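Asker:
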Amino acid sequence: MRCRDGPSGHRTVGPSVRRTVSPSGFTLIEVLVAILVTGLVALIGHQLVAGALLATREAAVTRTALDRERNAHRWLAAAFRTLEVGGEAGPFEGAPDRVRFDAWLPRAEGWSERATITLGMGREAFIASASNADPLVLRDSVTAVAFDYLLEPGATTRWVRTWVSPVSAPLAVRLRISRPSLGGETVDTLLLLIGPRG
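For the sequence shown, my numbering assigns the number 3 to the initial residue and increments by one for each residue that follows.
Structure follows, in structure tokens:
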């Protein structure tokens, strides 16, 4: 602003000859940069959330598989622990690829009931069939199962490939479960102790 003399000799204040106008909006480049930064932040956020959800889902699947294997092992241990041979129970029939015996299984009603159990392969899975229940998949994606039967313990431990008897059972059963893996095949071995021999 400059002061100048007016027609009556008074000084008046008025605008200067040149005025500068300050911009009040954004340039096109600034808008494009803001959109680009916002898009990158949204993309990174989406990838982080998707990665977290995938990791959570994989952890849940792994946890479910481990729980299922533990439950199957507990079921097998309980079945072999309550195994009966002779009398009202049937024979023990152990072959290299399957086994059949009678055992006491818990019922949903709260009591136990004798059932004839058959363990072996079926549809690429290790399956337990009981005379009083639907077949139970103990482990899936299985290529083979093999059973061995402990004849006598100690320094002269002997395992046999078959055990068929109407009056007695082996001391223990060794179960080998073969599954495919990246390197070829993985074999899990379970030792199942038998309760008092029939």
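Don't be surprised by glycine CBs; every beta carbon is placed ideally from N, CA and C.
Treat the numbers as computed from the prediction; the structure is a model and nothing was measured.
1) Taking buried to mean at least 16 other C-beta atoms within 10 Å of its own C-beta, is D136 buried or exposed?
2) What is the rounded straight-line gap between the Cα of S133 and the Cα of T118?
3) If you compare alpha carbons, which of E187, T29, E111 and I129 is closest to L78?
4) Let's see if you can read the secondary structure: which residues bound the beta strand (DSSP E) around D190?
5) Pick from F149, A171, E154 and W165: whose alpha carbon is nearest that of I179?
6) Should F82 go down as buried or exposed, given a rule of 16 or more other Cβ atoms within 10 Å for buried?
7) Going by the CB atoms, is the gap between L153 and R176 shorter than 7 Å?
8) CA-CA distance, G197 and T120?
9) List the residues that DSSP assigns as beta-bridge partners of W165.
10) Taking only the alpha-carbon atoms, compute the straight-line gap between P155 and E95 and give it to the nearest angstrom.
11) What's the call for F28, buried or exposed, on a 16-neighbour Cβ count within 10 Å?
12) Counting pairs of Cβ atoms below 8 Å between the segment 91-107 and the segment 158-172, do you hit three or more?
13) Distance check for D104 and G201, CA to CA, integer angstroms please.
14) Whole angstroms is fine: what's the gap from E71's alpha carbon to T164's?
15) Identify, in the order they occur along the chain, each residue of the same chain with its Cβ nearer than 8 Å to the Cβ of G200, setting aside the five sequence neighbours on each side.
16) For a quick check, are the C-beta atoms of V144 and R181 less than 7 Å apart?
17) Note down the Cα distance separating V189 from E60, rounded to an integer number of angstroms.
18) For the candidate residues G124, T64 and R76, whose alpha-carbon lies nearest to that of P108?
19) Thinking C-alpha only, which one of D69, L68 and R102 is nearest S167?
Answerer: Reading off the structure:
1) Residue environment: D136 is assigned as exposed (fewer than 16 neighbouring CB atoms within 10 Å of its CB, all protein chains considered).
2) Straight-line Cα distance between these residues: approximately 5 Å.
3) Of the candidates E187, T29, E111 and I129, I129 places its Cα closest to the Cα of L78.
4) Under the DSSP assignment, D190 falls in the beta strand (DSSP E) whose first and last residues are G186 to L195.
5) Here the closest residue by C-alpha is F149.
6) That one is buried.
7) Taking 7 Å as the Cβ cut-off, R176 and L153 do not qualify as a contacting pair.
8) Rounded to the nearest whole angstrom, the C-alpha separation of G197 and T120 is 18 Å.
9) Answer by DSSP bridge pairing, in chain order: G96.
10) In a straight line, the C-alpha of P155 is about 20 Å away from that of E95.
11) If you draw a 10 Å sphere on the C-beta of F28, you find fewer than 16 other C-beta atoms in it, and that means exposed.
12) Here the segment 91-107 lies against the segment 158-172, with 3 or more beta-carbon pairs under 8 Å apart.
13) Residue numbering for the chain in the displayed model covers 3 to 200; residue 201 lies beyond these limits and cannot be assessed.
14) Cα to Cα, E71 sits roughly 26 Å from T164.
15) Note that G200 scores 45 on pLDDT, short of 50, meaning its location in the model is unreliable and no value can be drawn from it.
16) The answer is yes: Cβ separation under 7 Å.
17) Distance between the alpha carbons of V189 and E60: 23 Å.
18) That would be R76, whose Cα lies nearest to the Cα of P108.
19) Ranking the options by Cα distance to S167, first place goes to R102.
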